Amino acid sequence: MAAKAATAEKVEFTYEGTNRGGSKVKGEIFALSDTLAKNELRKQGINPLKVKKKPKPLFGGAAKPEPSDIAIFARQIATMMQAGVPLVQSFEIIGQGNDKQTMQKLILEIKTEVEGGVSLAEALSKHPLYFDPLFINLVNAGEQSGALETMLDKLATYKEKVEALKAKVKKALFYPIAVLVVAFIVTVILLVFVVPQFEELFNSFGADLPALTRFVINLSEFMQQWWWVIAGVIAGGVWLLLRIKKTSPKMQEWFDRTALKAPVVGEIATKSAIARFSRTLETMSAAGVPLVEAMDSVAGACGNIIYYKASIKIRDEVSQGTQLQTSMRNTGLFPNMAIQMVSIGEEAGSLDAMLAKVADFYETEVDNAVDALTSLLEPIIMAVLGVLVGGLIIAMYLPIFKLGSVV
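Here the sequence shown is numbered in the numbering used here, starting from 67 and rising by one per residue.
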């Protein structure tokens, strides 16, 4: 615990100095104090001439490491070790070459801990925000078996595929939401700023307005008077919905269950959960992790509470001697194709290979479903935008057309 606290207090220093060849060098280093920073630089063969604490940015801090950064980091370490570069040196090269400051700090802190005699798995476990139990368990298995570089390669592949899958699902959700938000903003701008100009013109006519025009004008007046209430209700509703989902397990389960049953999107959510289930179990199985133990990590990686509970149920049944294929069928959440592939894998003793094929298949299915959803939504979104904007324009020009026909 003390070591962890000390690590958290490290700060960034900038330095200028000379290397063994007498050339001037400068850069950045993380340490607990300027004295320790100088000592670390001397160990690296640098004579420090100037070391000072790096000032914090004026507006906000550096971006935190994202899961995609961890995936890239895993691939870099795997590649370095396969090339014969020692682990500590790999951390040094990758850390100093990383453009994101927070990621650089994280890597160099891990390097310092490993240099101090701590195992890589233990060093990673001190940063639970960035390295989940699955990552740590597989690294530990690699260290114990003496096949760390092979395990890191499997981890890198796993992280890359999982992050690619997440990106596809986000793409499916982001596109329609973004377009609807833009449509809403355009409609509000028209109602608040454009319609009032037409209203002044219509008032000068002194004639009765068409019902559609009167409706749009009334809506515009309502928006101008109560826009702050509408904005507050929308913002508060979204915040409350997300808050309840985050704090209430029952609400989170309802959301996840609804997502699985929703038209079109439900297919993507289901196939994504099956792909992540299969990919995670395949990676754990290939690493030699016992099935019952692996299911805990699999449950956490599914990304859906319904499949999380199903994975826990599978774990409990498997621990009592039930076959994996039977347990998967009992949940009622897995398609027959996936169950049959697992059955073949169990009987042939090649479960990890069959799970990899299942994961590949459903990852491709998610990709195809996202493309199909995008193609389906494009004409629908165009129609919605046309009705909204076209309806407003028609409503504003109807009195002018009426006036022209009278003249």
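We put the CB at the ideal spot given by N, CA and C, even for glycine.
Note that the structure is predicted; figures quoted are calculated from it, not measured.
| Asked | Found |
| --- | --- |
| If you measure from the CB of leucine 231, is any heavy atom of the ligand ADP nearer than 8 Å? | This structure does not include the ligand ADP; it has no bound ligands of any sort. |
| For arginine 381, count the other beta carbons within 10 Å of its own beta carbon; 16 or more makes it buried, fewer makes it exposed. Which is it? | buried |
| Pick out whichever of Lys236, Met420, Leu347 has its Cα sitting closest to the Cα of isoleucine 334. | Lys236 |
| Using 8 Å for Cβ pairs, my map puts glutamate 226 next to alanine 137. What's the rounded Cβ distance? | 5 Å |
| With H, G and I counted as helix, E and B as strand and the rest as coil, what does DSSP make of leucine 115? | strand |
| Decide if tyrosine 463 is buried, meaning its Cβ has at least 16 other Cβ atoms within 10 Å, or exposed. | exposed |
| Glutamine 110: which of Ser211, Glu158, Pro121 sits nearest, CA to CA? | Glu158 |
| Could you tell me the distance, in whole angstroms, from the CA atom of glycine 183 to the CA atom of phenylalanine 139? | 21 Å |
| Go through its chain and collect everything with a Cβ distance to glutamate 383's Cβ below 6 Å, but skip five positions before and after it. | Ser393 |
| Compare the beta carbon distance of isoleucine 447 and valine 245 with 9 Å and say whether it is the shorter of the two. | yes |
| Can you find the residues in the same chain that come closer than 6 Å, C-beta to C-beta, to leucine 443, ignoring five residues on each side of it along the sequence? | Pro242 |
| Please list, in chain order, all residues of the same chain as leucine 256 whose beta carbon is under 6 Å from its beta carbon, the five residues on each side excluded. | Leu458 |
| Going by the DSSP bridge assignment, what does glutamate 82 pair with across the sheet? | Lys92, Lys116 |
| Quick test of the definition: if touching needs 3 or more C-beta pairs under 8 Å, does the stretch 144 to 161 touch the stretch 216 to 225? | yes |
| Suppose you measure from the CA of threonine 73 to the CA of glutamate 132; what does that come to, to the nearest Å? | Legend: pLDDT at threonine 73 = 35, less than 50; position of this residue unreliable, value from coordinates given subsequently. Rounded to whole angstroms, threonine 73 to glutamate 132 spans 20 Å at the Cα level. |
| Note down, in chain order, each residue of its chain lying with its Cβ closer than 7 Å to the Cβ of glycine 332, except the 5 sequence neighbours on either side. | Ala325, Leu326 |
| Got a sec? Which residues, its chain only, sit under 8 Å from isoleucine 405 by beta carbon, not counting five neighbours each side? | Gln391, Met394, Arg395 |
| Counting C-beta neighbours from all protein chains within 10 Å, is the total for methionine 403 16 or more, i.e. buried, or is it exposed? | exposed |
| In whole angstroms, give me the CA-to-CA distance for glutamate 319 and alanine 233. | 22 Å |
| Flag this pair as yes or no: are the beta carbons of glycine 411 and leucine 421 separated by less than 9 Å? | yes |
| Is DSSP giving alanine 97 helix, strand or coil here? | strand |
| Which of the three DSSP states, helix, strand or coil, is assigned to valine 355? | coil |
| Within a Cβ cutoff of 7 Å, which residues of the same chain sit near phenylalanine 427, ignoring the five residues on either side of it in sequence? | none |
| Please classify threonine 388: does DSSP put it in a helix, a strand, or coil? | coil |
| Could you tell me whether the stretch 192 to 203 touches the stretch 303 to 311, using the rule of 3 or more Cβ pairs below 8 Å? | no |
| Please determine, among Gly387, Ala353, Val355, Ile340, the residue with the shortest C-alpha to C-alpha distance to alanine 376. | Ile340 |
| Which same chain residues end up closer than 7 Å to alanine 249 when comparing Cβ atoms and leaving out the 5 residues on each side of it in sequence? | Val450, Leu451, Leu454 |
| Is glycine 298 helix, strand or coil by DSSP? | helix |
| For my contact list, lysine 171 and valine 154 are in at a C-beta cut-off of 8 Å; report their separation, rounded to the angstrom. | The Cβ separation is near 17 Å, so there is no contact. |
| Have a look at Asp433, Ile202, Ser441 and flag the residue whose alpha-carbon is nearest the alpha-carbon of glutamate 229. | Asp433 |
| Does the Cβ-Cβ distance between leucine 186 and methionine 350 come in under 9 Å? | no |
| Quick one: which unbroken alpha helix (DSSP H) runs of 4-plus residues sit fully inside the stretch 251 to 320? Chain order, please. | 261 to 271, 277 to 313 |
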